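Below is one structure, written out as structure tokens, with a few remarks after it.
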Amino acid sequence: MISKITGVFTARGEGHIIINVSGLGYEVQVPLVVEKALETMPLGEPLELETIYYLQVEQTRATPVLIGFQNSIQKEFFEKLLTVPKMGPKGALNAFSRPVSTIASAIETANYQVLQSLPGVGKQKARDLVATLQGKIAKFALMQDADLEKRIAAGAALPSDIAEEALQLLVMLGHKRTEAERMVNEAIAAEPAAPDAETLVRVIYRKQQEKK
């Protein structure tokens, strides 16, 4: 199992990059969202990627494949996509063309228009994504991308359980889900160390009062 690769970024191609590790060049497939993020990175720079290793079976031949991600959040989200029926690594690679929070939010809110705009995702696959993952990936949808990158850089964990519980509380209190997601995002940014959902909800209502 190869879970991470560290080396020198030596080449890029459509849907893949090459990382040189001790004289060996490893081809690493990357989803479009990662490919775009690496567009401005000059060749020759050191690069570390989280990876997933699998065997691509075609007729009687099995080819080892590495898929690379910038961070553990992208990798974890990709693994969630793999649980969707008939998605597979190839399908997940194609679909993962936009930021984690964008896709996760579309799944959580059943935004089929956004989901069907993803490469390789038609009506049925969009339904499968929602049926399989809705309610299970709120922590990804709640994180704004800029805030997510800051947390990753700082080594902070996603407040997944707390954020999800706070979201459910707000929905029970009558807030629309999209509004609740925005409110939780703002509260997390203001109070990233909130110990529980109740504290987070108090922060949310305090901020609402401050806006009046």
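The sequence shown begins at 531 in the working numbering and counts up one residue at a time.
C-beta: ideal position from N, C-alpha, C; glycine also.
Since this is a predicted model, take the numbers as computed values, not measurements.
Apart from the five residues on each side of it in sequence, which residues of its chain come closer than 7 Å, Cβ to Cβ, to Ala696? Taken in chain order, the residues that qualify are Val714, Ala727, Leu730, Val731.
Quick check: the Cα distance between Gln643 and Ala592, rounded to an integer number of angstroms? Computed Cα separation, rounded: 36 Å.
Cutting at 7 Å between CB atoms, please list the residues of its own chain near Ala640, excluding the five before and the five after it. Here the set comprises Val660, Gln664.
Assigned exposure category for Gly598 - 16 Cβ within 10 Å defines buried: Burial is judged here by how many other beta carbons sit within 10 angstroms of a residue's own beta carbon; Gly598 has at least 16 and is buried.
Cutoff 7 Å; reference Glu532; Cβ partners in own chain excluding five residues on either side: The amino acid at residue 532 is misidentified as Glu; the sequence shows Ile. Exclusion of the five residues before and after Ile532 leaves Thr581, Tyr583, Leu596 as the residues of its chain whose Cβ lies within less than 7 Å of its Cβ.
What's the gap between the Cα of Gln586 and the Cα of Ala671? Whole-angstrom Cα-Cα distance: 30 Å.
Would DSSP call Glu588 helix, strand or coil? In the three-state reduction of the DSSP assignment, Glu588 falls in the strand class, which pools E and B.
Since Ile637 is in the alpha helix (DSSP H), which residue starts that stretch and which ends it? Per DSSP, the continuous alpha helix (DSSP H) segment holding Ile637 begins and ends at 630-638.
8 Å Cβ shell around Lys534 - same chain, five flanking residues per side excluded: Cβ neighbours of Lys534 beyond the five flanking positions: Glu578, Leu579, Glu580, Thr581.
Closest by C-alpha distance to Gly650, when choosing among Lys610, Pro629, Lys616: Taking only the C-alpha atoms, the option nearest Gly650 is Lys616.
I think Thr662 touches Val614, with their Cβ atoms under 8 Å apart; what is that distance to the nearest whole Å? 5 Å between Cβ atoms; contact.
Which complete alpha helix (DSSP H) runs does the stretch 580-627 hold, if anything under 4 residues is left out? The qualifying runs are 602-611, 618-625.
Return the CA-CA distance between Gly543 and Ala634, expressed in angstroms with no decimal places. Rounded to the nearest angstrom, the gap between the Cα atoms of Gly543 and Ala634 is 27 Å.
Boundaries (first-last residue) of the beta strand (DSSP E) holding Leu562: In the DSSP annotation of this structure, Leu562 is not part of any beta strand (DSSP E); the continuous alpha helix (DSSP H) holding it starts and ends at 562-567.
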